[in-house]
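In the numbering used here, the protein residues as written are 10 to 220. Virtual Cβ for every residue (Gly too), placed ideally from N, Cα, C. To start, the structure under review is shown below, and the notes come after it.
Quick look at the structure:
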C-alpha cells in the first residue's frame, strides 16, 4: 500500500489508528471526520512527511492532539471542527506550511486572555504559539464562545490571514489594532455575533480594497 495517496475513513466506528499507519509513507490526506468514537491519534502518524491534510472534524471524543504535531512539517490543512480538544500543542508553531486551521466549535479550548506573572495580559498558553504560523491564510474560530477578553487582541500577529471566520461568538467589539495589522484580509465573517455593537475604524490603507 505504499502507493496509497489518500485515506478516507469518515463516519466509521474507529476508536483509533494502529501505530503501523506510519508505513503509509506516501499518503497526503487522512480524513477521519465524524468518527464519533475516535479517542486518540497514534504518535506514529507524525512520521508521515508527505501528509498535507488531516481532518478530524466531528470526532466528539478526541480530547488531545499529540505533542509531536509539529513534526508534520508539510501539513497545509488541519481541521478540528467540533472536537473536544483541550489544548493546542506548543509544537504547532513549527508548522510553517500550515495554511488552513479550523477550530470551529472547539468549546473545550480556553479562548480567554490570561495574565502573566508580571501582570501583563498575554495570550493563554493554548494559543501563544499560533503567531508562528507564518503561512496561515484561513482561520476559523466560529461558535467558539469568544468574549471581549478573548483572543481577538492577539489575532493581529497573524498578518498572512486572508480569511477569518468568527461567526456565532460573544464579543461586543473588535479591537482596531487587530484589524489594522491584518493587511491581507479579504474575508471577515461575523454572522450571528449577536452582542456585536460596533465595528472598528477601517485604516486608510484598506481604502482601495474596499472600493
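Nearest-angstrom Cα separation, counted from residue j out to residue i
| i | j | result |
| --- | --- | --- |
| residue 177 | residue 33 | 39 Å |
| residue 179 | residue 156 | 5 Å |
| residue 96 | residue 146 | 21 Å |
| residue 205 | residue 149 | 18 Å |
| residue 27 | residue 195 | 41 Å |
| residue 20 | residue 106 | 28 Å |
| residue 92 | residue 74 | 10 Å |
| residue 191 | residue 154 | 22 Å |
| residue 66 | residue 185 | 32 Å |
| residue 25 | residue 203 | 38 Å |
| residue 15 | residue 207 | 45 Å |
| residue 172 | residue 142 | 14 Å |
| residue 48 | residue 210 | 44 Å |
| residue 22 | residue 40 | 14 Å |
| residue 17 | residue 160 | 33 Å |
| residue 115 | residue 144 | 22 Å |
| residue 2 | residue 57 | Residue 2 cannot be examined here, being either before or after the span of the chain that is shown, 10 to 220. |
| residue 52 | residue 84 | 15 Å |
| residue 43 | residue 12 | 25 Å |
| residue 123 | residue 138 | With a pLDDT of 40 at residue 123, under the threshold of 50, the predicted position of this residue should be treated as unreliable, though the coordinate-derived value follows. Their Cα atoms are separated by approximately 14 Å. |
Boundaries (first-last residue) of the beta strand (DSSP E) holding residue i
| i | result |
| --- | --- |
| residue 264 | Nothing about residue 264 can be reported from this structure: the residues present for the chain run from 10 to 220 only. |
| residue 162 | Counting along the chain, residue 162 falls outside any beta strand (DSSP E), and DSSP gives it neither H nor E. |
| residue 31 | It is not in any beta strand (DSSP E) - residue 31 carries neither H nor E in the DSSP assignment. |
| residue 64 | 62-64 |
Which of helix, strand or coil DSSP assigns to residue i
| i | result |
| --- | --- |
| residue 122 | Any reading at residue 122 needs caution, since the residue's pLDDT is 39, under 50, leaving its predicted position unreliable; the model's value is listed next. In this structure, residue 122 counts as strand in the three-state DSSP scheme. |
| residue 186 | helix |
| residue 196 | strand |
| residue 148 | strand |
| residue 85 | coil |
| residue 172 | strand |
| residue 16 | strand |
| residue 101 | helix |
C-beta atoms of residue i and residue j nearer than 8 Å
| i | j | result |
| --- | --- | --- |
| residue 36 | residue 68 | no |
| residue 61 | residue 45 | no |
| residue 113 | residue 152 | yes |
| residue 54 | residue 30 | yes |
| residue 78 | residue 101 | yes |
| residue 201 | residue 187 | no |
| residue 87 | residue 110 | yes |
| residue 140 | residue 167 | yes |
| residue 199 | residue 175 | yes |
Span of the alpha helix (DSSP H) around residue i
| i | result |
| --- | --- |
| residue 111 | No alpha helix (DSSP H) holds residue 111; the beta strand (DSSP E) holding it covers 109-111. |
8 Å Cβ cutoff, residue i in contact with chain D
| i | result |
| --- | --- |
| residue 190 | In the structure shown, chain D does not exist; there is a single protein chain. |
Any non-hydrogen atom of the ligand HEM closer than 7 Å to residue i Cβ
| i | result |
| --- | --- |
| residue 185 | Only the bare structure without any ligand can be found here, which leaves the ligand HEM out of the picture. |
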